[in-house]
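J.: Numbered according to the working numbering, the sequence shown spans residues 176 to 360.
The beta carbon of each residue, even a glycine, is placed where N, CA and C say it ideally should be.
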Amino acid sequence: MDPKKETNKRRASLEITRAVSTRPWIGDVSFNVASVGAQRTNKNPIPYATEIHATRYQYSFALSGDDVKSEWKGLALDGLASLRRVAGNHSRFLYDFSPESIVLRVTHDPAPRILYCFREEGDTIDLKNLAKRVASGDVKAEELILGGEIASEQDAIELKTKGATVFPGIKAAVEDAKKRIGKSA
176 MDPKKETNKR RASLEITRAV STRPWIGDVS FNVASVGAQR TNKNPIPYAT
226 EIHATRYQYS FALSGDDVKS EWKGLALDGL ASLRRVAGNH SRFLYDFSPE
276 SIVLRVTHDP APRILYCFRE EGDTIDLKNL AKRVASGDVK AEELILGGEI
326 ASEQDAIELK TKGATVFPGI KAAVEDAKKR IGKSA
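As structure tokens, then:
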């Protein structure tokens with residue numbers, strides 16, 4: 176490495192992409208009023224508006240190989256599979272932030288190659304972009320673990336025939352990934 180031409184940096188132990196909606200925001204806004212006495216300095220109700228985006232989001236994460244112990248990777252996977260709450264109106268309303276579907280890839284390949292692989296068509300999600308990556312040879316199907324509602328979709332069924340592991344539930348997919356990580360450590 177030439178320090179004058181390259182940056183000497185390391186990858187983070189946990190890398191996360193931005194959450195991206197699977198469909199465009201159509202602009203729902205609700206008008207609300209805070210309770211009387213919500214602020215100590217003002218006894219009047221306080222109006223405010225809240226943007227509402229009822230859609231699916233997809234995000235990706237990577238756990239770097241040698242930087243993170245296998246048991247910590249397992250805890251991180253458990254946490255992602257069981258998201259409880261996200262900042263916002265969580266104190267007023269109940270939202271389920273746990274994943275509906277999950278795609279995991281256990282690999283030594285430094286490039287993720289599966290970022291934003293979900294695509295929404297009508298009321299369903301497909302994995303056509305991921306299937307193209309597998310068909311092209313960029314991603315080995317054997318490295319993939321699919322779980323959740325996506326398991327019954329045609330793309331997941333086809334990926335299973337090519338060697339991907341498919342589970343009807345999120346937790347089973349995460350457990351399989353944890354076993355693979357333990358073996359590869």
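When DSSP labels each residue in this structure, what does residue 225 get in the three-state scheme?
T.: strand
J.: Go ahead and label residue 277 buried or exposed: buried means 16 or more other beta carbons lie within 10 angstroms of its beta carbon, across all protein chains shown.
T.: buried
J.: Who are the near neighbours of residue 291 in its chain, counting only those whose CB is closer than 8 Å to its CB and skipping five residues on each side?
T.: 192, 195, 233, 235, 304
J.: Quick one: give me the first and last residue of the alpha helix (DSSP H) that residue 245 is part of.
T.: For residue 245, the enclosing alpha helix (DSSP H) begins and ends at 245-256.
J.: Would you call residue 348 buried or exposed, if buried means 16 or more other Cβ atoms sit within 10 Å of its Cβ?
T.: Flag for residue 348 reads buried.
J.: Going by C-alpha to C-alpha distance, which of 333, 281, 311, 318 sits closest to residue 302?
T.: 333
J.: For residue 300, which beta-bridge partners are listed by DSSP?
T.: 295
J.: Between which two residues does the alpha helix (DSSP H) containing residue 177 stretch?
T.: Here residue 177 belongs to no alpha helix (DSSP H), and DSSP marks it neither H nor E.
J.: Should the region 198-210 be regarded as contacting the region 237-255, the criterion being three or more beta carbon pairs within less than 8 Å?
T.: no
J.: How is the beta strand (DSSP E) around residue 331 delimited, first residue to last?
T.: Counting along the chain, residue 331 falls outside any beta strand (DSSP E), though it belongs to the alpha helix (DSSP H) covering 329-336.
J.: State the Cα-Cα distance for the pair residue 256 and residue 179, rounded to the nearest angstrom.
T.: Cα-Cα distance, rounded: 42 Å.
J.: Which residues in the same chain as residue 186 place their Cβ atom closer than 6 Å to its Cβ, once the five residues preceding and following it in sequence are excluded?
T.: 239
J.: Sort out for me which residues DSSP pairs residue 196 with in a bridge.
T.: 232
J.: Exposed or buried, what is residue 360 when buried is set at 16 or more other beta-carbons lying within 10 Å of its beta-carbon?
T.: A caution first: residue 360 carries a pLDDT of 48, below 50, which makes its placement in the model too unreliable to give a value.
J.: Starting from residue 276, follow the beta strand (DSSP E) in both directions and report where the run begins and ends.
T.: 276-280
J.: DSSP on residue 290, reduced to helix/strand/coil?
T.: Look at residue 290 here: in three-state DSSP terms it is coil, with no helix or strand label.
J.: Leaving out five residues on either side along the sequence, give the residues of the same chain with a beta carbon under 8 Å from the beta carbon of residue 207.
T.: 222, 223, 224, 225
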